[in-house]
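The block underneath contains the structure these notes are about, expressed in structure tokens.
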Amino acid sequence: MEVISFFLDSIVLVIALYLGLRDDQRPPGTPQKSLFRTFDFDAIRPNAMRERRHRIVKSRIR
Amino acid sequence: MRDLAFAFVWIALLPLLLISAHAGTLVWVWTALLSPNELLYGFMANVPLNKIVAVLTIFLVFFGREKKDPYFDVTLFLLILLGVVSTVSWFDGIVSNPTATDLYEKLLKEIVLVFVIAAVTTTRARIDRLVLVVVLAIGFLAVKEGTIYLLTAGGHHITGTYALGDNNGLAMALLMIIPLISYLARHSVARIVKIGMWSVMGLSLVTVIATFSRGGFIGMIVLAAFTLKNSRRRFRALLLVLLAGLFLYVLAPNSWFSRMDTIQSANNDNSFMGRVIAWKMSLLIAMDNPLFGGGMHAVQNQLVWDMYKKDLYRVDFVNTPPPDESTHAAHSIYFEVLGDLGFVGLTLFLAILGVALWNCQQLYRVSRGHPSLAWVGQLARMLQISLVVYLTTGAALSAAYLELLYVLIALLSRCRRTVQLALAAEAVNGETAQQFGSTPLLDGSRN
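Residue numbers (the numbering used here), protein chains in the order written: chain A, 1 to 62; chain B, 1001 to 1447.
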């Protein structure tokens, strides 16, 4: 059990580092491709700032 | 066999270590938290992996072509002061032995690591990768120990690791990474990574139970309380906490409940009273060496112990039985630093923790007005929970020089710097950013 989990952990580390290095070297503006990339809510919600401002204004009016 | 397998892993990592200071930093963190040498028994067991990676990384920080962003802030300034105090204490302390030197070197190495993390973790993607590596290093122990505990139906006895300490130290470290696992589980894009993270979180809770640590139990309560407090979706968080409670009730054996019951009778508990005596000893050492303390782990030195055990009456804030003949560890991060580095060292240590908590609050506050920084707000909240768990659980543990703490402190300092840069970029391109509803820092922070 120890050997398997240790080996898997090391392999995941190696994969994460190589994919991360590849993502680091991509041209600016292009999306990340790594399996371990994290989600950016604003990337799919470009109006988030506007929505928030509207909510604040509405609450102040109330 | 495992040495050979790990040697291949090492060969695969080597090209990265030779070109990227960021990759080197991540492997440095991984080897520091996991201590892979402990898991090897053959020709790889004596290879100083951590030192090799540290030297290569520092070389690349100075001479590599990779983009870096060295800066200086309050956290880094306080850490330098802590390094100076520990150096004076090491030279001038009442204890001078190989153990003290090892601990002193460990602390200096951690301070250097903080500077390296701060300089090379320049983007959000890199920050997230660092969080991932922390989870990989300590989560490995959760997967291993938790699975064995479940497979043996509770027959597995957990002793801890060299890097994290005994069973109590392991429980604390696991509780500290649970908020980070939660951050990754919520933010990862790939479903397989999300499932993996939730599984590691479940196994972390199993392992904390399996340690039979009373400090771990208190840490779990703190973790649950702060998860509820910090959650925006309180009802969902409450359901999660109740589910975890049910899980605990079903999974934990009777012997676990009996062990936890002893928290109520701490005054009659030999183990607890032994800790109070060690706290008193540390306080006495600090009273006699108020500026820079008695040196690293002076309280664990037999000569020092014998010298001070007759003076316990000087600190009679709690009645304790006569001290043992053999020494005890300080068993508290606060008394550990107090005895080792004196009141100056303790003040600096608390100031560093205070600034880290302040950073959490500031990051969360700033992120609320900037949707493109929502990620850092959530990460700061999670790091805040990790720090509170550390401050609570660490009150009864010798873990002041835990690598994980310094990695979290570095993360917070770096997040603050990243946000400052992002806001500066936003201020320059503010008008354009508002027109499009998003901000240029979005791309900048993810590159």
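Note that beta-carbon positions come from the ideal geometry of N, C-alpha and C, so glycine has one too.
So, for residue i: in the same chain, excluding its five sequence neighbours on each side, which residues have a beta-carbon less than 6 Å away from its beta-carbon?
{"i": "Q1435/B", "result": "For Q1435/B, the pLDDT reaches just 46, beneath the cut-off of 50, and the residue's location in the model is therefore unreliable, leaving the point undetermined."}
{"i": "W1305/B", "result": "T1327"}
{"i": "V1318/B", "result": "V1276"}
{"i": "F6/A", "result": "none"}
{"i": "L1283/B", "result": "V1315"}
{"i": "A1023/B", "result": "L1016"}
{"i": "K1280/B", "result": "L1312, V1315"}
{"i": "L1291/B", "result": "G1342, V1344"}
{"i": "G1483/B", "result": "This structure gives no information on residue 1483/B, because the portion of chain B shown stretches from 1001 to 1447."}
{"i": "T1393/B", "result": "M1172, G1215, G1219"}
{"i": "Y1071/B", "result": "R1417"}
{"i": "F36/A", "result": "A16"}
{"i": "P46/A", "result": "Interpretation of P46/A is limited by its pLDDT of 49, a score under 50 that renders its predicted location unreliable; no figure is taken from the coordinates."}
{"i": "K1068/B", "result": "A1119, V1120"}
{"i": "F1335/B", "result": "W1279, S1282"}
{"i": "D1166/B", "result": "G1160"}
In chain order, what residues of the same chain lie with their CB nearer than 7 Å to the CB of residue i, ignoring the 5 residues before and after it?
{"i": "G1064/B", "result": "A1021"}
{"i": "A1374/B", "result": "S1367"}
{"i": "N1037/B", "result": "A1045, L1049"}
{"i": "G1169/B", "result": "G1160, L1397, A1399"}
{"i": "D1102/B", "result": "none"}
{"i": "V1085/B", "result": "F1292, L1341, V1344, G1345, L1348"}
{"i": "L1302/B", "result": "It should be noted that the sequence gives Gln, not Leu, for residue 1302/B. Cβ neighbours of Q1302/B beyond the five flanking positions: T1327."}
{"i": "F1115/B", "result": "L1076"}
Could you pull the DSSP bridge partners for residue i from this structure?
{"i": "G1451/B", "result": "Nothing can be reported for residue 1451/B: it is not among the residues displayed for chain B, which extend from 1001 to 1447."}
{"i": "T38/A", "result": "S1188/B"}
Assuming residue i and residue j make a contact with CB atoms under 8 Å, what is their CB distance in whole Å?
{"i": "V1355/B", "j": "S1367/B", "result": "That belief does not hold up - the Cβ atoms of V1355/B and S1367/B are roughly 18 Å apart, past 8 Å."}
{"i": "R1416/B", "j": "N1230/B", "result": "That pair is no contact at about 18 Å."}
{"i": "T1161/B", "j": "L1141/B", "result": "7 Å"}
{"i": "L1017/B", "j": "L1081/B", "result": "Incorrect: roughly 31 Å between the Cβ atoms, too far for contact."}
{"i": "A1286/B", "j": "F1343/B", "result": "6 Å"}
{"i": "V1389/B", "j": "L1223/B", "result": "5 Å"}
{"i": "L963/B", "j": "Y1401/B", "result": "The requested residue 963/B is not part of the displayed model; chain B covers only 1001 to 1447."}
{"i": "L1136/B", "j": "W1028/B", "result": "Not confirmed; about 13 Å, so no contact."}
{"i": "G1293/B", "j": "S1089/B", "result": "5 Å"}
{"i": "G1083/B", "j": "I1111/B", "result": "5 Å"}
{"i": "L1405/B", "j": "Y1183/B", "result": "Contact flag wrong, Cβ pair sits at about 17 Å."}
{"i": "I1158/B", "j": "T1211/B", "result": "5 Å"}
{"i": "V1189/B", "j": "T30/A", "result": "Rounded, the Cβ-Cβ distance is 15 Å, inconsistent with contact."}
{"i": "L1363/B", "j": "V1419/B", "result": "6 Å"}
{"i": "A1330/B", "j": "A1278/B", "result": "5 Å"}
{"i": "G1369/B", "j": "D1324/B", "result": "Actually they do not touch by this definition, with Cβ atoms about 56 Å apart."}
Output needed for residue i: all residues of its chain with C-beta closer than 8 Å, excluding positions within five of it in sequence on either side, in chain order.
{"i": "L1228/B", "result": "R1234, A1237, L1238, V1241"}
{"i": "A1099/B", "result": "The question names Ala, but residue 1099/B in the sequence shown is Thr. Result list for T1099/B: M1296, H1297, Q1300, in chain order."}
{"i": "M1260/B", "result": "R1214, F1217"}
{"i": "A1252/B", "result": "I1209"}
{"i": "R22/A", "result": "K33, S34"}
{"i": "L1040/B", "result": "R1002, D1003, F1006"}
{"i": "F1226/B", "result": "Q1384, I1385, V1388, V1389"}
{"i": "I1117/B", "result": "T1025, V1029, L1130, V1407, A1410, L1411, R1414"}
{"i": "A1163/B", "result": "A1032, L1033, L1034, S1035, E1038, E1403"}
{"i": "G20/A", "result": "S34, F36"}
Touch test, the region 1093-1106 of chain B against the region 1288-1307 of chain B, Cβ-Cβ under 8 Å, three pairs minimum: Judged by pairs of C-beta atoms under 8 Å, the region 1093-1106 of chain B touches the region 1288-1307 of chain B, as three or more such pairs exist.
Hey, is the region 1123-1135 of chain B in contact with the region 1406-1426 of chain B, meaning 3+ C-beta pairs nearer than 8 Å? Flag = yes, the region 1123-1135 of chain B and the region 1406-1426 of chain B touch.
Are the region 1061-1078 of chain B and the region 1029-1038 of chain B in contact at 8 Å, needing three or more beta carbon pairs? No: the two stretches stay apart, fewer than three of their Cβ pairs being nearer than 8 Å.
Would the region 1165-1177 of chain B and the region 1209-1219 of chain B be scored as touching if the rule is three or more Cβ pairs under 8 Å? Yes, they touch.
Contact the region 10-25 of chain A vs the region 1011-1018 of chain B: 3+ CB pairs below 8 Å: Yes: at least three Cβ pairs fall under 8 Å.
Quick check: the region 1199-1206 of chain B against the region 1143-1151 of chain B, are at least 3 beta-carbon pairs closer than 8 Å? Counting C-beta pairs closer than 8 Å gives three or more between the region 1143-1151 of chain B and the region 1199-1206 of chain B, which meets the contact rule.
Check whether the region 1204-1212 of chain B touches the region 1244-1253 of chain B, counting contact only when three or more Cβ pairs, one atom from each stretch, lie closer than 8 Å. In short, these stretches touch, since the Cβ pair count reaches three.
Length-filtered (3 minimum) beta strand (DSSP E) runs lying within the region 1114-1151 of chain B: The qualifying runs do not exist here; there are none.
Can you give, in chain order, each stretch of the alpha helix (DSSP H) that sits fully within the region 1238-1288 of chain B and has at least 4 residues? Listed in chain order, they are 1254-1261, 1270-1288.
Tell me the start and end of each unbroken alpha helix (DSSP H) in the region 1307-1383 of chain B that is at least 4 residues and wholly inside, in chain order. With a minimum length of 4 residues, the continuous alpha helix (DSSP H) runs that stay inside the region 1307-1383 of chain B are 1333-1368.
Contained alpha helix (DSSP H) runs [length at least 4] in the region 1066-1102 of chain B, N- to C-terminal order: DSSP runs (the alpha helix (DSSP H)) wholly in the region 1066-1102 of chain B: 1074-1092.
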